[in-house]
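Our numbering puts the first residue of the first sequence at 42, with every later residue one more than the last. For glycine and all other residues, C-beta sits at the position ideal for the given N, C-alpha and C. To start, the structure under review is shown below, and the notes come after it.
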Amino acid sequence: MPELPEVETVRLGLEQAMAGRLLLRVLQRRPDLRRPFPPRFEARLTGRRIDSLSRRAKYLALHLDDGAAVLVHLGMSGRMLVGRQSNEPFGAHDHVVFDLDDGGRVVFNDARRFGLIDLTETALLSEHPLLRDIGPEPLGDAFTPTVLAGRIAGKSSAIKIVLLDQTVVAGIGNIYASEALYRSGIDPTRSAHSLKPREIDKLVPAIQSVLTEAIAAGGSSLRDHRRPDGELGYFQHGFKVYDREGEPCPDCTCREGIRRLVQGGRSTFYCAKKQR
DNA sequence: CGGCAAACCTGCGAGC
DNA sequence: TGCTCGCAGGTTTGCC
């Protein structure tokens, strides 16, 4: 489900609820998600304090005050929900419950269980196997046209596919890949190495603007995404092409309107006239 | 390395 | 009403 803007929205919501809080009790309600929970997950977390929260690509990190960190990936349908009462019954797919020292409760809920949770005791989170090979943050200073050009040089795959590759650039998923290519006027089927410098000069700010606007809107809520407080994001109303097959292209007057094609088994939405 | 399909899961909407 | 089918914001693995 969640791409960078949705995970960032979750981080912002959890920061309010969890930063500075002591974990009074942690309940793990099943043995695994996409992969097994770390050994002794509940016992190792109980009594420890959460200092701060950060995001890397689509991963959320809860930093403990001793340098350890809980890594959370929401997969397609994962949610981190705040505001549950401790006397409420658990819901379907409530997999982990974090009870905090101020009486607050945070629940990790994930119907499809494509998410994962890890606990690492090492301080160097950037060296974690799940994060080590991930590319630059698209909203960071290190993401420039020159950098992106270098990372896609020699890649013969379609640019849409390459933007989904987390080792090329972090955090872009199926929605924002289509939207960024539409904004920059680039045909999603073009091979990555065929992009000219002038096109990459447009693609980088297109990625940055669509992600920034989506964060400002609280992310996109299609099926599963909820902010931790239960509120919906509203950037889905800002989509120009995603899930708009057959609708008119907002930026031109072509007859066909928005088209859908399948790349790597996943839908791509685009305008054949605007995107070349 | 590239490309593709399948796998991991559940839920929902469309169509019959 | 109820069933089947296809598809869904992600990532990994295996095969050619």
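The beta carbons of Gln316 and Asp242 sit about 16 angstroms from each other, so the pair does not count as a contact at 8 angstroms.
Within the same chain, Lys243, Leu244, Ala247 come within 6 angstroms of Ser225 by CB-CB distance, once the 5 residues on both sides are set aside.
In terms of Cα proximity to Arg76, the closest of Arg154, Glu49, Asp142 is Arg154.
In the three-state reduction of the DSSP assignment, Asn128 falls in the coil class, being assigned neither a helical nor a strand state. Pairing Leu68 with Val138 gives a Cβ-Cβ distance under 8 angstroms.
When Phe276, Leu302, Leu252 are compared, the shortest CA-CA separation from Gly287 is found for Leu302.
Just measuring C-alpha positions, the residue of Ile158, Ala84, Ala102, Arg97 sitting nearest Ile91 is Ala102. Beta bridge pairing from DSSP links Ile91 with Leu105.
Taking a cut-off of 8 angstroms for Cβ pairs, the segment 164-184 and the segment 100-119 touch, as three or more such pairs fall below it. Note that the C-beta distance between Arg267 and Leu53 is not below 8 angstroms. Between Leu63 and the set Thr87, Glu44, Leu55, the nearest pair of CA atoms involves Thr87. The C-alpha of Ser262 lies about 6 angstroms from the C-alpha of Gln277. Contact between the segment 142-162 and the segment 180-193 is absent, with fewer than three C-beta pairs closer than 8 angstroms.
Phe184 carries a coil assignment under DSSP once its states are collapsed to helix, strand and coil. Membership of Ile241 in the alpha helix (DSSP H) is indicated by the continuous run 238-257. Here the alpha carbon of Thr163 sits roughly 8 angstroms from the alpha carbon of Ala110. Out of Pro269, Lys237, Glu220, Arg264, the CA that lies nearest to the CA of Arg300 is found in Glu220.
The C-beta distance from Pro269 to Val51 rounds to 6 angstroms, short enough to meet the 8 angstroms contact threshold. If only complete runs of 3 or more residues are kept, the segment 124-175 shows the beta strand (DSSP E) at 135-141, 146-151, 157-161, in order along the chain.
When DSSP states are grouped into helix, strand and coil, Gly119 belongs to the strand group.
Under DSSP, the beta-bridge partners assigned to Gln304 are Arg307.
Judged by beta-carbon spacing, Leu55 lies beyond the 8 angstroms limit of Asp151, meaning their Cβ atoms are not closer than that value. DSSP places Val203 in the uninterrupted alpha helix (DSSP H) bounded by 200-204. Under a 10 Å Cβ-count criterion, Asp140 is classified as buried, with 16 or more other Cβ atoms of the shown protein chains found around its own Cβ.
For the options Gly259, Arg70, Ile202, the alpha carbon positioned closest to that of Leu45 is the one of Gly259. A Cβ-Cβ separation of about 6 angstroms places Tyr217 in contact with Val251 under the 8 angstroms criterion.
A Cβ-Cβ separation of about 16 angstroms leaves Ala211 out of contact with Pro186 under the 8 angstroms criterion. For Leu112, the enclosing beta strand (DSSP E) starts and ends at 110-114.
DSSP, read as helix, strand or coil, puts Leu63 in strand.
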